[in-house]
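What follows is a single structure, written as structure tokens, with notes after it.
Residue numbers (this note's numbering): 332 to 507.
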């Protein structure tokens, strides 16, 4: 009798777990669901770059007003940057080629969601750079309705790295 009950409990737990996974794994359909998934994913890895100051997209303008010399650094791959970048951003390669040109300037790094930029900011902080991480990065940027640029022109196309990160606002065209 006990074994039978235990078996039923295991099966029930498995079904509940599988159902929960399917709900989580289901592609978000609304912009609100996408924003929630971005926050959930970011929260899941933010501890990997503990101590790195974070900047939310809605705080960036105020930070730029206080620090007009602020440097935005795109740490994504060249293929991702070829689709679009945040206005005024430089590549990590440009930053790393001449770090002295950016000495004593605050730096905000971004990528698709904030994982790679958080790791990069952590490494740069270890070198003495005042580096910060843009929470939710380019995905959160799209949810704020802010412009992206490609070759000096505004675009709604955004490289989202892969299908898992296909969480851009519905007003943007995701590619990967």
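Cβ coordinates follow ideal geometry from the N, Cα and C atoms, glycine included.
Note that this is a predicted model, so its numbers are computed, not measured.
* Can you grab the Cα-Cα spacing for the pair residue 378 / residue 412, in whole Å? => Working through the chain shown from its first residue, we reach residue 378 at position 47. Working through the chain shown from its first residue, we reach residue 412 at position 81. The straight-line gap from Cα to Cα measures roughly 26 Å.
* Asked: What do you get for residue 415, buried or exposed, if any count of 16 or more other CB atoms within 10 angstroms of its CB means buried?
  -> For the purposes of this step, residue 415 is taken as the residue at position 84 of the chain shown. So residue 415 ends up on the buried side.
* When the Cα atoms are used, what is the spatial distance from residue 357 to residue 396? -> Position 26 of the chain shown, counting from 1, holds the residue named residue 357. Position 65 of the chain shown, counting from 1, holds the residue named residue 396. Approximately 40 Å between the Cα atoms of the pair.
* Are there 16 or more other CB atoms within 10 angstroms of the CB of residue 418, so buried, or fewer, so exposed? -> Taking the first residue of the chain shown as 1, we reach residue 418 at position 87. Classification for residue 418: exposed.
* To do: Ignoring anything shorter than 4 residues or poking outside the segment 380 to 456, list the alpha helix (DSSP H) runs there in chain order.
  => 391 to 397, 409 to 414 and 423 to 428
* With a 10 Å radius around its C-beta and 16 neighbouring C-beta atoms as the bar for buried, classify residue 505 as buried or exposed. => Counted from its first residue, the chain shown places residue 505 at position 174. Buried, because 16 or more other Cβ atoms sit within 10 Å of the Cβ of residue 505.
* To do: For the segment 455 to 503, list the alpha helix (DSSP H) runs that are entirely contained and at least 4 residues long, ordered along the chain.
  => 468 to 474
* Can you give the Cα-Cα distance for residue 353 and residue 366, rounded to whole angstroms? -> Within the chain shown, residue 353 is the residue found at index 22, counting from 1. Within the chain shown, residue 366 is the residue found at index 35, counting from 1. Reliability fails at residue 353, whose pLDDT of 48 lies under 50, so the model's placement of it is uncertain and the value that follows must be treated cautiously. Going by the C-alpha atoms only, they are around 18 Å apart.
* Asked: When the Cα atoms are used, what is the spatial distance from residue 420 to residue 403?
  -> Start at 1 with the first residue of the chain shown, and residue 420 comes out as number 89. Start at 1 with the first residue of the chain shown, and residue 403 comes out as number 72. Those two C-alpha atoms are separated by around 5 Å.
* Asked: Would you report the Cα separation of residue 361 and residue 401, rounded to the nearest angstrom?
  -> Within the chain shown, numbered from 1, the residue matching residue 361 stands at position 30. Within the chain shown, numbered from 1, the residue matching residue 401 stands at position 70. So the two alpha carbons sit approximately 33 Å from each other.
* Asked: What does DSSP give as the partner residues of residue 359 in its beta bridges?
  -> Taking the chain shown and counting its residues from 1, the one referred to as residue 359 is at position 28. Answer by DSSP bridge pairing: none, since residue 359 is not bridged.
* Of the listed residues 492, 449, 453 and 450, nearest to residue 470 (C-alpha basis) -> Residue mapping note: residue 470 aligns to position 139 of the chain shown, counting from 1. Nearest of 492, 449, 453 and 450 to residue 470, Cα basis: 492.
* To do: Evaluate contact between the segment 461 to 475 and the segment 419 to 434, counting only Cβ atoms and requiring at least three cross-stretch pairs below 8 Å.
  => no
* Report the option in 432, 457, 464 and 408 whose CA atom is closest to the CA atom of residue 446. => Counted from its first residue, the chain shown places residue 446 at position 115. Cα-wise, what sits closest to residue 446 is 464.
* Beta-carbon proximity list for residue 448, same chain, < 7 Å, skipping 5 on both sides -> As a first step, residue 448 must be located in the chain shown, where it is residue number 117. The answer, listed in chain order, is 406, 440, 441, 442, 464, 465 and 468.
* To do: Under the assumption that residue 460 contacts residue 438 (Cβ atoms under 8 Å), give the Cβ distance between them as a whole number of angstroms.
  => Against the chain shown, residue 460 aligns to sequence position 129. Against the chain shown, residue 438 aligns to sequence position 107. Residue 460 to residue 438, Cβ: 6 Å. Contact.
* For residue 387 versus residue 498, is the C-beta spacing smaller than 8 Å? -> Along the chain shown, one-based indexing puts residue 387 at 56. Along the chain shown, one-based indexing puts residue 498 at 167. In this structure, residue 498 does not lie closer than 8 Å to residue 387 by Cβ.
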